[in-house]
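Accompanying notes for the structure given below.
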Amino acid sequence: MGIRLTYELNIDPQTLSIKIPPLIIEPIVENSVIHGIGPKPEGGKISVTIIKKENNVIISVTDTGVGIKENNLKQGYGTSSVKERLGILYKNKFSFEIKSRSIEGSGTDVTIIIPYKEA
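All residue numbers for the sequence shown refer to the numbering used here, where the first residue is 1 and numbers rise by one.
Below you can see the structure in the form of structure tokens.
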């Protein structure tokens with residue numbers, strides 16, 4: 001069967017000392033593995049990118065999985081719990097966006113923007 005999952009980490013050195021709340025990235029990666037890559041017989045790739053831009057940290061998780069149907073973008077316990085935690089921690093000072101690429105079956109992009117805070 002071979003390797004079905006590959007990954008790539010792109011971590012900006014400026015972000016190595018920041019505080020990222022627990023259980024923010026893990027549920028997103030887990031969703032990518034289970035719901036995105038899992039259904040594809042040939043597997044796929046997940047990329048996690050963390051960069052500092054001005055006074056924010058941008059966290060992106062992308063996959064080459066099956067994508068999400070438009071009507072399912074707002075559903076999901078994992079993403080709901082992440083948004084809830086971000087809301088408690090940052091009030092209205094965060095952004096959470098899920099995009100399924102325009103061609104069905106070409107993957108999903110999740111972007112989280114939080115305020116930059118040193119550890």
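Idealized CB from N, CA, C, for every residue including glycine.
Practice prompt. Quick one: measure Cβ to Cβ for Val48 and Val57, integer angstroms, because I've assumed they're closer than 8 Å.
Written response: That belief does not hold up - the Cβ atoms of Val48 and Val57 are roughly 13 Å apart, past 8 Å.
Worksheet item: On the three-state DSSP scale, how would you describe Pro21?
Response: Secondary structure at Pro21: coil, using DSSP grouped into helix, strand and coil.
Worksheet item: Apart from the five residues on each side of it in sequence, which residues of its chain come closer than 7 Å, Cβ to Cβ, to Thr15?
Response: Once the five neighbours on either side are set aside, the close Cβ partners of Thr15 are Ile50, Ile51, Lys52 and Val57.
Worksheet entry | Cβ-based burial, Leu9 [other Cβ within 10 Å; buried from 16] | The residue in question, Leu9, is exposed, as its Cβ has fewer than 16 Cβ neighbours within 10 Å.
Discussion item. Going by C-alpha to C-alpha distance, which of Thr6, His35, Ile59 and Lys19 sits closest to Gly44?
Written reply: Nearest option by C-alpha distance: Thr6.
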